[in-house]
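Numbering (the numbering used here), first residue to last: 1 to 258.
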Amino acid sequence: MSALTAPEIARLAPGAIAVLPVAAVEQHGPHLPVTTDTDLVTALAHAAEQALADRVILCPALPYGSSHHHSSFAGTLSVNPELFTRLVLDLVRSLESSGFRRIVILNGHGGNITPVRQALSILAQAPVAEVALATYWELAAAAFAGLPPLESPALSHACEYETSMMLTLDATRVRMDRAARANRPPANNYIGWEDDAPYRGVSLVRRTEFLSGNGASGEPHKATREKGAHLLSAATTALIEFLNDFASWPPMEDLRNA
Numbered sequence: 001m002s003a004l005t006a007p008e009i010a011r012l013a014p015g016a017i018a019v020l021p022v023a024a025v026e027q028h029g030p031h032l033p034v035t036t037d038t039d040l041v042t043a044l045a046h047a048a049e050q051a052l053a054d055r056v057i058l059c060p061a062l063p064y065g066s067s068h069h070h071s072s073f074a075g076t077l078s079v080n081p082e083l084f085t086r087l088v089l090d091l092v093r094s095l096e097s098s099g100f101r102r103i104v105i106l107n108g109h110g111g112n113i114t115p116v117r118q119a120l121s122i123l124a125q126a127p128v129a130e131v132a133l134a135t136y137w138e139l140a141a142a143a144f145a146g147l148p149p150l151e152s153p154a155l156s157h158a159c160e161y162e163t164s165m166m167l168t169l170d171a172t173r174v175r176m177d178r179a180a181r182a183n184r185p186p187a188n189n190y191i192g193w194e195d196d197a198p199y200r201g202v203s204l205v206r207r208t209e210f211l212s213g214n215g216a217s218g219e220p221h222k223a224t225r226e227k228g229a230h231l232l233s234a235a236t237t238a239l240i241e242f243l244n245d246f247a248s249w250p251p252m253e254d255l256r257n258a
C-alpha cells in the first residue's frame, strides 16, 4: 500500500486481500529489542506479500498494541484494550471504505487477540467485508508447540521461539549473553505460567512482574538461528496457505432464507 496511489488502491481493492499487521512495542526481557513483535510480524507479512503479489495489498504495520501488562518495564508503549478495539474498528472501516472486501488482521502480539476479537464481534453486527484475525503462531501451531528442533514446549514471551526468530532476522540486535530463564511463580496443577504446562481450562491474569523476574519467559538461552529459520519458514508457509484459501471463500450469507 505504501507504494500505491489512491486511484490505484481504489482499482485494486475489490479483488485484493488487505493484510493489516498489528503488533506491539513492549519490553522483551534483557536480551531482545522492544520492537520484537512488530519486527517479526512485519517480516512474515512482507514474505507473504512477495509470494502473493497478485492478490495481497500489505498495509503499513500498526506497531502499538495492547500491552498494559508489561507497562511496569521501561520501553513499553501501550494502547488500552478498549481504545485498541476502537482503533482496529476504524482501520477496518477505512479499508472497507476504500473498497476492500477481504481483510486479514495479521497479529503478532498475544495481548491484541481479545481486543481484536471484540472488534470483529462489533463488525459482525453489520458486515461489509469478510474480516479475519490470523495470529501467526496459531496458524503454524504444530511448529510452535514444542516439536523438534525446539526444546521448550510452547511459544511464550522473549522465549526460545521469539529469540530464535530474532536471531534469524538480525542477530546484531539480540543480546544472547543476557538471555536466561527468569524467576517464575511456583508451579501448580492447573495454570502453566505461559510455557510450563498445557492449558487445562483455568486462567489467572497477572501483570508481567508477577510472572517473570526479568520480563522474559521460557528458555531464551536455548535459542539458535537454525531454530528461528525453521519457525519463520513454517509461519510463512502457513500464512501463505491461509491467504490463498481465504481468497476463495464465498461471501457468507444469511441462511434463514436458504
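Glycine is no exception: its CB is placed at the ideal position from the N, C-alpha and C atoms.
query                                                                                                                                                                                   : result
Could you name the residues of the same chain whose beta carbon sits closer than 7 Å to that of Val79, not counting the 5 residues immediately before and after it, in chain order?     : Tyr64, Gly65, Ser66 and Leu87
Would you list, in sequence order, the uninterrupted alpha helix (DSSP H) runs of no fewer than 4 residues that lie entirely inside the stretch 152-222?                                : 160-170
Whole-angstrom Cβ separation of Ala216 and Leu139, contact assumed at under 8 Å?                                                                                                        : Not a contact, Cβ separation roughly 24 Å.
Please work out which residues of its chain come closer than 6 Å, Cβ to Cβ, to Glu151, disregarding the five sequence neighbours upstream and downstream, and give them in chain order. : Lys222
Return the Cβ separation of Tyr161 and Leu231 in integer angstroms, given the expectation that the two are a contact with Cβ distance under 8 Å.                                        : 6 Å
Are the CB atoms of Val128 and Leu20 within a distance shorter than 9 Å?                                                                                                                : no
Please list the terminal residues of the continuous alpha helix (DSSP H) segment that includes Leu239.                                                                                  : Arg225 to Ala247
The beta strand (DSSP E) spanning Leu147 covers which residue range?                                                                                                                    : Careful: Leu147 lies outside any beta strand (DSSP E) and carries neither H nor E.
Start and end of the beta strand (DSSP E) containing Ala309?                                                                                                                            : Residue numbering for the chain in the displayed model covers 1 to 258; residue 309 lies beyond these limits and cannot be assessed.
Should Asn189 go down as buried or exposed, given a rule of 16 or more other Cβ atoms within 10 Å for buried?                                                                           : exposed
Considering only residues of the same chain and omitting the five flanking positions on each side of Ile191, which have a CB-CB separation below 6 Å?                                   : Val202 and Leu204
Would Gln118 pass as a contact of His70 if the rule is Cβ separation under 9 Å?                                                                                                         : no
Could you tell me the alpha carbon to alpha carbon distance between Ala126 and Arg175, rounded to whole angstroms?                                                                      : 48 Å
With 16 as the cutoff for other CB atoms within 10 Å, does Arg102 come out buried or exposed?                                                                                           : buried
For the alpha helix (DSSP H) containing Ala119, list its first residue and its last residue.                                                                                            : Ile113 to Leu123
Across the stretch 36-43 and the stretch 1-10, are there enough close Cβ pairs to call them in contact, namely three or more that are closer than 8 Å?                                  : no
Run the CB neighbour count on Ala145, radius 10 Å, all protein chains shown included, and call it buried at 16 or more, exposed below.                                                  : exposed
Determine the contact status of Ala171 and Pro30, defining contact as a CB-CB distance below 9 Å.                                                                                       : no
So for Thr85, helix, strand or coil by DSSP?                                                                                                                                            : helix
Could you tell me the boundaries of the beta strand (DSSP E) in which Ala74 lies?                                                                                                       : Unbroken run through Ala74: none, as it is neither H nor E.
What does the alpha-carbon distance come out to for the pair Ile113 and Gly75?                                                                                                          : 21 Å
Do Arg181 and Gly228 have their CB atoms nearer than 9 Å?                                                                                                                               : no
How is Val128 classed by DSSP in three states: helix, strand or coil?                                                                                                                   : coil
If you draw a straight line from the alpha carbon of Thr35 to that of Arg173, how long is it in whole angstroms?                                                                        : 10 Å
Inspect the beta-carbon positions of Thr163 and Leu32 and report whether they are closer than 9 Å.                                                                                      : yes
I need the straight-line Cα distance from Val56 to Ala47, nearest angstrom please.                                                                                                      : 11 Å
Quick one: Cα of Ala132 to Cα of Thr38, how far?                                                                                                                                        : 19 Å
Mapping the DSSP letters down to three states, classify Ala134 as helix, strand or coil.                                                                                                : strand
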